[in-house]
Amino acid sequence: MKVLIFTIATAFLITACEKDITTPPKPNETELITTCILTLTDSANASNVVKATFRDPDGEGGNAATQFDSIRLKANTTYNTQIVLLDESKSPADTISKEILKEQNDHQFFFNNTTGLQIIYADKDTNTPSLPVGLSTIWRTTSPSAGTVTVILKHQPGTKKGNQADGDTDIELKYNTVIR
Amino acid sequence: MIRFFQWGLVCKYVAGFLLVLTSICHAESKSDKLDIYLYDEDNHKPIAGAKWYINLGNNGTSQDSGKTEADGLIHLHDITQSKIQVYIVAKHFNTIDTLILIGDKSTIQILMLHGNDAAIEVEVHADQTKDIDAQPGQQLSNLELISTRSLGIAQTLANIPGVTLIATGSTIAKPQIDGLQGNRVIILNNGIRQEGQQWGNEHAPEIDPYIAKHMKVLRGAGAIRYAHDAIGGVIFVEPDTLAFRSRQAELNLGGGSNNGMGAVSLQQSSYIMLGRLAYRVQGTTKRSGTVHSPDYYQKNTGSAEYNGSLALGYVEGRHKLEFFGSYFYTKLGIFSASHIGNVTDLYQAIASDRPAETSNFNYTISRPYQAVDHSLFKLQYDYNLPDSQWHISVTVAHQNNHRQEYDKHLPRNNTKAALNLPELDYSIASSSVDANLDYRVRGWRHSLGISTMYQANTWSGRFFIPNYETYRAGIWANSHYTKNKWDVEAGLRTDYRQLNAYYYQGNDLLQPSNNWQNVALQLGGKYRITPNLHLLANVGTAWRPPAANELYSNGLHHGAATIEIGNAGLNSEYATTYSTGIHLNNYYRFSADVIASINQINSYINLVPTLPATLTIRGAFPTFNYIQQNALLRSISGTLLYHLSESFNLKLNASILRGTDRNTKLWIAQLPADRFSSSVNYVLVHSRGRLQSAGINLSITHVARMWRLTANEDYSPAPDAYTTLNVGANALLKLGKRSIELNLSVDNLTNTRYRDYLDRFRYFTDAMGRNVRLNLRLPLYN
Chain A
5 MKVLIFTIAT AFLITACEKD ITTPPKPNET ELITTCILTL TDSANASNVV
55 KATFRDPDGE GGNAATQFDS IRLKANTTYN TQIVLLDESK SPADTISKEI
105 LKEQNDHQFF FNNTTGLQII YADKDTNTPS LPVGLSTIWR TTSPSAGTVT
155 VILKHQPGTK KGNQADGDTD IELKYNTVIR
Chain B
4 MIRFFQWGLV CKYVAGFLLV LTSICHAESK SDKLDIYLYD EDNHKPIAGA
54 KWYINLGNNG TSQDSGKTEA DGLIHLHDIT QSKIQVYIVA KHFNTIDTLI
104 LIGDKSTIQI LMLHGNDAAI EVEVHADQTK DIDAQPGQQL SNLELISTRS
154 LGIAQTLANI PGVTLIATGS TIAKPQIDGL QGNRVIILNN GIRQEGQQWG
204 NEHAPEIDPY IAKHMKVLRG AGAIRYAHDA IGGVIFVEPD TLAFRSRQAE
254 LNLGGGSNNG MGAVSLQQSS YIMLGRLAYR VQGTTKRSGT VHSPDYYQKN
304 TGSAEYNGSL ALGYVEGRHK LEFFGSYFYT KLGIFSASHI GNVTDLYQAI
354 ASDRPAETSN FNYTISRPYQ AVDHSLFKLQ YDYNLPDSQW HISVTVAHQN
404 NHRQEYDKHL PRNNTKAALN LPELDYSIAS SSVDANLDYR VRGWRHSLGI
454 STMYQANTWS GRFFIPNYET YRAGIWANSH YTKNKWDVEA GLRTDYRQLN
504 AYYYQGNDLL QPSNNWQNVA LQLGGKYRIT PNLHLLANVG TAWRPPAANE
554 LYSNGLHHGA ATIEIGNAGL NSEYATTYST GIHLNNYYRF SADVIASINQ
604 INSYINLVPT LPATLTIRGA FPTFNYIQQN ALLRSISGTL LYHLSESFNL
654 KLNASILRGT DRNTKLWIAQ LPADRFSSSV NYVLVHSRGR LQSAGINLSI
704 THVARMWRLT ANEDYSPAPD AYTTLNVGAN ALLKLGKRSI ELNLSVDNLT
754 NTRYRDYLDR FRYFTDAMGR NVRLNLRLPL YN
């Protein structure tokens with residue numbers, strides 16, 4: 005009988021150990037992309053720079069995005085476009101795009117644009133066959149028009165073959181775009 | 004004073020009655036005579052002067068009663084039924100009310116215990132219901148339990164009309180009582196309130212169905228003896244009582260053809276000191292592979308489950324101490340194609356007939372999956388005061404629940420992805436102390452109880468619900484009175500609850516605290532017009548404060564591809580259930596159990612979509628907010644049985660529910676569609692050789708289309724109505740001294756393609772196709 009009570013008491017004590025509930029983890033200590041900055045530089049005129057930023061400092065859920073710019077481009081112009089991804093919830097901000105470049109065999113940007121805009125991939129990964137990553141691209145505009153460019157970043161570990169349907173979506177941003 | 008027709012017994016009586024007609028009985032090569040000897044549990048002396056009352060089975064007119072002589076004998080003859088109801092009252096002893104299955108034994112012993120009604124031991128397999136309730140409810144029959152438990156606990160409970168499933172694919176299901184689930188349904192696992200992450204629709208109850216000897220459902224508000232917040236009802240999962248004077252072991256096997264399911268469950272019970280110290284050990288292991296829909300395999304739908312339990316009981320005079328510990332572990336694969344990126348992917352998945360990902364059959368469980376473990380420890384002390392009218396019970400319990408959800412979506416960073424950590428990780432620990440006092444006198448049973456609980460929840464991974472702690476305390480009183488044709492019950496309860504949450508908003512640590520206090524009550528009665536025709540009516544109230552997820556959840560629910568935003572301003576729900584029922588037992592060849600109820604829920608908390616969708620860096624996500632409505636649920640459900648002959652009967656089950664918002668008059672979503680099933684059953688009346696009993700049945704289940712939906716409320720319209728055909732056969736075979744129970748059934752015989760409204764994976768896949776299942780129960784010794 006004593007043994008029984010002792011066993012039971014021990015069982016209760018063992019299970020009574022708990023994590024401290026009054027010190028919760030800070031959310032978003034895990035990885036996050038808060039900011040996506042497109043920098044478009046006119047290939048004929050380096051002083052003509054267009055920036056379009058999406059910024060949601062606390063990530064998905066919580067507060068709404070604080071900034072979501074339209075892309076305003078000139079007609080019949082060629083732009084060298086760079087994408088920078090940041091995690092601004094950290095201090096200093098983490099440049100996620102460097103990580104993407106490092107793991108370029110597993111990531112790819114896709115651009116779904118309405119007519120009037122042509123996007124050419126400029127970078128290539130080290131895969132065989134080599135496939136674009138999309139961090140630096142060339143955008144060629146034609147006649148004045150308005151529409152959207154959807155920037156999609158897919159994570160395709162081991163399955164990257166240039167197919168947009170594969171993998172997980174890390175970014176899907178539909179930028180309003182105006183060509184004048 | 005004859006309390007034979009109290010509600011608990013009636014439930015059992017009906018269950019037992021259906022059992023006799025439709026299915027297995029434990030013994031059919033029965034003798035028509037039975038001698039029952041009553042002995043004192045303590046000194047093993049015969050009990051003289053005990054009043055007994057016996058119902059000889061399904062024919063309500065064969066009743067017998069009397070008093071025991073000095074030898075403690077009850078002699079019965081001309082028994083035509085395979086089950087009899089026994090009710091015995093003896094001064095200084097606890098009342099016995101039980102169901103005895105007539106086997107080939109012509110003599111049995113019943114040991115009567117001084118005062119303690121939890122420890123009745125009958126040396127034959129016997130049902131036992133210790134609760135007396137005027138609240139409508141129903142117990143599962145032995146056949147229903149044995150034939151469906153390999154599918155899971157919720158699937159087993161769904162045999163009861165009015166209980167439906169809210170499912171997440173073929174492997175995850177929660178029971179829903181009259182359209183209410185989650186925190187509104189209390190599950191009492193061996194008397195302990197099951198505390199896990201029950202708020203989530205894709206969080207199935209963490210209970211091994213093989214542990215259960217009895218399962219019972221009380222419907223609607225008013226179960227004040229057990230909880231103040233059981234707006235939908237209470238589910239009882241009860242293991243067998245400990246055997247202090249016998250040894251037994253049994254093996255249960257279950258198999259399913261569709262997903263290669265195999266389950267093995269072993270149980271052994273015995274005593275260490277005769278009549279004093281007894282134990283029961285039990286363990287279950289279950290594996291299943293990829294689920295097959297009629298046209299394809301549902302990729303990654305395998306599961307694994309490992310459970311075990313230990314019960315110890317010690318009796319000394321008027322004291323009884325019982326320990327119960329159980330462990331449950333499951334790893335559940337989630338259908339791959341259901342984990343989607345954002346709303347664009349969801350609409351793409353809905354638009355296609357066939358899932359984007361299918362696979363071959365295998366047992367592999369990869370991402371996405373859930374891993375859940377639950378441990379429960381309970382210590383219960385019972386004491387009977389010397390005059391045996393008083394009974395005290397104190398229970399201390401502790402539970403730990405650990406839930407990990409692994410998303411399909413791995414971390415973007417390869418190094419982090421390689422760690423293979425869960426994206427959602429919650430731990431919840433609950434400790435409770437309950438005490439109650441029962442006093443029985445001249446047809447009355449007065450009960451008084453207190454109940455307290457402390458609960459703490461912590462998380463890691465991605466934020467969805469905060470850390471929180473809950474304190475609960477309640478006090479209740481209940482009286483039950485039985486006289487002649489009447490049963491009356493009334494109860495009152497008051498509870499206090501505090502919830503403190505801890506979470507960061509930006510860099511600020513918030514520590515909101517909430518307090519709630521309210522009252523719940525119950526009033527019920529039953530009137531027996533004749534022994535075969537009873538009417539019952541009940542009114543009960545219940546209140547439920549908002550749960551932590553309803554108040555504070557904020558984030559992306561990956562599996563559901565939704566953003567759910569809590570509402571810190573929510574009030575408690577307050578429900579009033581009015582119900583009335585009729586019980587008919589072989590009345591002009593008809594038997595029936597029908598319950599109609601109205602559940603009026605003020606401040607009903609509901610998760611509703613809000614426009615526009617939330618824009619995130621990953622695209623748009625449908626957004627849901629918690630609102631409060633004044634809900635009105637009306638339901639009618641029941642069973643109707645017509646006996647064509649001794650061997651043949653026709654049975655009809657129906658569940659119909661309507662739910663509306665009283666202010667807007669709009670339909671409330673996520674309620675079950677109308678459901679009907681009818682079956683024709685054949686029972687072998689006399690045993691033949693080794694075949695002690697047998698039965699076959701053919702049943703059709705029809706589920707109507709859920710047309711009561713408000714426009715733009717759901718991603719896709721409700722699926723079409725569907726009809727499935729099922730066949731079953733069961734037999735009890737005698738092999739030497741043992742009787743093997745065999746059960747073979749085919750679900751969805753015609754391999755029909757269908758999708759159910761309450762299955763969230765209906766967006767992605769057809770439900771399970773044909774499934775041939777075999778269940779076997781083999782006593783190893785007894």
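Going line by line, the protein sequences match chains A and B.
If you read the first sequence in the numbering used here, its first letter stands for residue 5, the second for the next number, and so on.
If you read the second sequence in the numbering used here, its first letter stands for residue 4, the second for the next number, and so on.
Cβ atoms here follow ideal geometry from the backbone N, Cα and C, with glycine treated the same way.
Residue i (DSSP reduced to helix, strand or coil)
i: Leu777 of chain B; result: strand
i: Asn503 of chain B; result: strand
i: Asn633 of chain B; result: strand
i: Lys106 of chain A; result: helix
i: Phe327 of chain B; result: strand
i: Tyr530 of chain B; result: strand
i: Lys381 of chain B; result: strand
i: Pro469 of chain B; result: coil
i: Ser85 of chain B; result: coil
i: Arg763 of chain B; result: helix
i: Lys33 of chain B; result: Residue confidence is low: Lys33 of chain B scores 49 on pLDDT, short of 50, so the model does not pin down where it sits. No coordinate-derived value is stated.
i: Pro212 of chain B; result: helix
i: Tyr718 of chain B; result: coil
i: Ile183 of chain A; result: strand
i: Ile743 of chain B; result: strand
i: Lys419 of chain B; result: helix
Beta-carbon proximity list for residue i, same chain, < 8 Å, skipping 5 on both sides
i: Tyr1 of chain B; result: Here chain B comprises residues numbered 4 to 785, so residue 1 of chain B is not present and cannot be evaluated.
i: Pro322 of chain B; result: In the sequence as presented, Pro is not what sits at residue 322 of chain B; that position holds His. Here the set comprises Tyr384, Asp385, Tyr386.
6 Å CB neighbourhood of residue i in its chain, flanking five on each side removed
i: Tyr577 of chain B; result: Trp546, Asn605
i: Leu524 of chain B; result: Leu495, Thr544
i: Arg763 of chain B; result: Thr171
i: Asn666 of chain B; result: Asn633
i: Glu147 of chain B; result: Asn162
Neighbourhood of residue i by C-beta distance below 7 Å, restricted to the same chain and skipping five residues each side
i: Thr367 of chain B; result: Gly305
i: Ala51 of chain B; result: Thr71, Glu72, Ala73, Gly75
i: Ala374 of chain B; result: Lys334, Gln407
i: Asn109 of chain A; result: Asp129, Thr130, Asn131, Lys164
Outcome for residue i when other beta-carbon atoms lying within 10 angstroms are tallied against a minimum of 16
i: Pro722 of chain B; result: buried
i: Asn715 of chain B; result: exposed
i: His483 of chain B; result: buried
i: Glu421 of chain B; result: Note that residue 421 of chain B is Ala in the sequence shown, not Glu. Classification of Ala421 of chain B: exposed, given that the 10 Å Cβ count is below 16.
i: Asp410 of chain B; result: buried
i: Ser26 of chain B; result: Bear in mind that the predicted position of Ser26 of chain B carries a pLDDT of just 29, short of 50, making it unreliable; the figure below should be weighed with that in mind. Buried, since its Cβ has 16 or more Cβ neighbours within 10 Å.
- Message: Against chain A, which members of the segment 587-619 of chain B pass a CB distance test of less than 8 Å?
- Response: Those residues of the segment 587-619 of chain B that come within reach of chain A (Cβ to Cβ, closer than 8 Å) are Thr617, Leu618, Thr619.
- Between the segment 446-461 of chain B and chain A, which residues of the former have a C-beta closer than 9 Å to a C-beta of the latter? Listed by position, the residues of the segment 446-461 of chain B near chain A (Cβ gap below 9 Å) are Ala459, Asn460, Thr461.
- Task: Would you check if there are 3 or more beta carbon pairs closer than 8 Å linking the segment 191-205 of chain B to the segment 564-573 of chain B?
- Result: Segments in contact, no.
- Item | Validate contact between the segment 549-562 of chain B and the segment 464-475 of chain B using beta carbons, cut 8 Å, 3 pairs | A contact exists between the segment 549-562 of chain B and the segment 464-475 of chain B.
- Item | Under 8 Å (Cβ pairs) to chain B, residues found in the segment 60-90 of chain A | Within the segment 60-90 of chain A, the residues whose Cβ lies closer than 8 Å to some Cβ of chain B are Asp60, Asp62, Gly63, Glu64, Gly65, Gly66, Ala68, Ala69, Phe72, listed in chain order.
- Item | Contact set between the segment 534-566 of chain B and chain A, restricted to residues whose Cβ is under 7 Å from the partner | From the segment 534-566 of chain B, only Asn557, Gly558, Leu559, Ile566 have a Cβ closer than 7 Å to chain A.
- Message: Under 7 Å, CB to CB, which of the residues in the segment 370-393 of chain B have a partner in chain A?
- Response: Answer in chain order: Ser378, Phe380, Leu382.
- Scan the segment 95-117 of chain A for residues whose Cβ lies nearer than 9 Å to a Cβ of chain B and list them as they occur along the chain. Per Cβ criterion, the list reads Ile100, Glu103, Ile104, Lys106, Glu107, Asp110, His111.
- Item | chain A contacts made by the segment 462-481 of chain B, where a contact means CB separation under 8 Å | Taking 8 Å as the Cβ-Cβ cut-off against chain A, the residues of the segment 462-481 of chain B that qualify are Trp462, Ser463, Gly464, Arg465, Phe466, Pro469, Asn470, Tyr471, Glu472.
- Report yes or no: do three or more beta-carbon pairs, one from the segment 151-170 of chain B and one from the segment 211-229 of chain B, lie closer than 8 Å? Yes: at least three Cβ pairs fall under 8 Å.
- Task: May I ask you to verify whether the segment 647-664 of chain B touches the segment 613-629 of chain B, counting CB pairs closer than 8 Å and requiring at least 3?
- Result: Under the 8 Å Cβ criterion, the segment 647-664 of chain B does not count as touching the segment 613-629 of chain B, having fewer than three qualifying pairs.
- Task: Determine contact between the segment 114-123 of chain A and the segment 50-66 of chain A, defined as no fewer than three beta-carbon pairs at a distance below 8 Å.
- Result: The segment 114-123 of chain A vs the segment 50-66 of chain A: no contact.
- Query: Which of the residues in the segment 156-168 of chain A, read from start to end, lie with their CB under 8 Å from any CB of chain B?
  - Reply: Listed in sequence order: His159, Pro161.
- Message: Does the segment 691-703 of chain B come into contact with the segment 728-747 of chain B, if we say contact requires no fewer than three beta-carbon pairs (one atom in each stretch) closer than 8 Å?
- Response: At 8 Å Cβ cutoff, the stretches touch.
- Item | At least 3 beta-carbon pairs within less than 8 Å: the segment 139-158 of chain A vs the segment 173-182 of chain A | Segments in contact, yes.
- Name, going along the chain, the residues of the segment 411-423 of chain B whose beta-carbon falls closer than 8 Å to a beta-carbon of chain A. For the segment 411-423 of chain B, which is checked against every Cβ of chain A, the residues closer than 8 Å are Lys411, His412, Leu413, Pro414, Arg415, Asn416, Asn417, Lys419, Ala420.
- Query: Is the number of C-beta pairs between the segment 448-457 of chain B and the segment 414-429 of chain B that are closer than 8 Å three or more?
  - Reply: The segment 448-457 of chain B vs the segment 414-429 of chain B: no contact.
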